[in-house]
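The numbers in the sequence shown follow my numbering, run straight up by one, and end at 1446.
Idealized CB from N, CA, C, for every residue including glycine.
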Amino acid sequence: MSTTVTGECPECEFTFTAAELGVGETLACPECALTLQVRAVDGGALALEAVETELPDWGE
Ligand SMILES: [Zn+2]
């Protein structure tokens, strides 16, 4: 039995389903590729917030 949750991208308002995620986990919006972090899980719905992705500076 698999559990899926639904989320809506706060940036492009694309609605999608994903495998169950926990608070604090991140995923990329399948539509705009923005990085989203799970702020809360309410039933089968995710509350998502866009997060800035800070790529490590490897000093190339
Ligand atoms: Zn999006």
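| request: Could you tell me whether any non-hydrogen atom of ligand 1 is closer than 7 Å to the CB of residue 1417? | output: For the purposes of this step, residue 1417 is taken as residue 31 along the sequence shown, with counting starting at 1. Yes, ligand 1 has a heavy atom inside 7 Å of this Cβ.
| task | Please state if the CB of residue 1413 and the CB of residue 1426 are separated by a distance shorter than 8 Å. | result | Sequence index remark: in the sequence shown, residue 1426 carries index 40 (1-based). Sequence index remark: in the sequence shown, residue 1413 carries index 27 (1-based). No, Cβ-Cβ distance for residue 1426 and residue 1413 is not below 8 Å.
| task | Would you kindly check if the distance between the Cβ of residue 1439 and the Cβ of residue 1421 is under 8 Å? | result | Residue mapping note: residue 1421 aligns to position 35 of the sequence shown, counting from 1. Residue mapping note: residue 1439 aligns to position 53 of the sequence shown, counting from 1. Contact flag set, yes.
| task | Kindly indicate the opening and closing residues of the beta strand (DSSP E) around residue 1409. | result | For the purposes of this step, residue 1409 is taken as the residue at position 23 of the sequence shown. Run containing residue 1409: none; DSSP gives neither H nor E here.
| In this structure, what does DSSP give as the bridge partners for residue 1393? | Counting from 1 along the sequence shown, the entry for residue 1393 is found at position 7. Beta-bridge pairing links residue 1393 to 1402.
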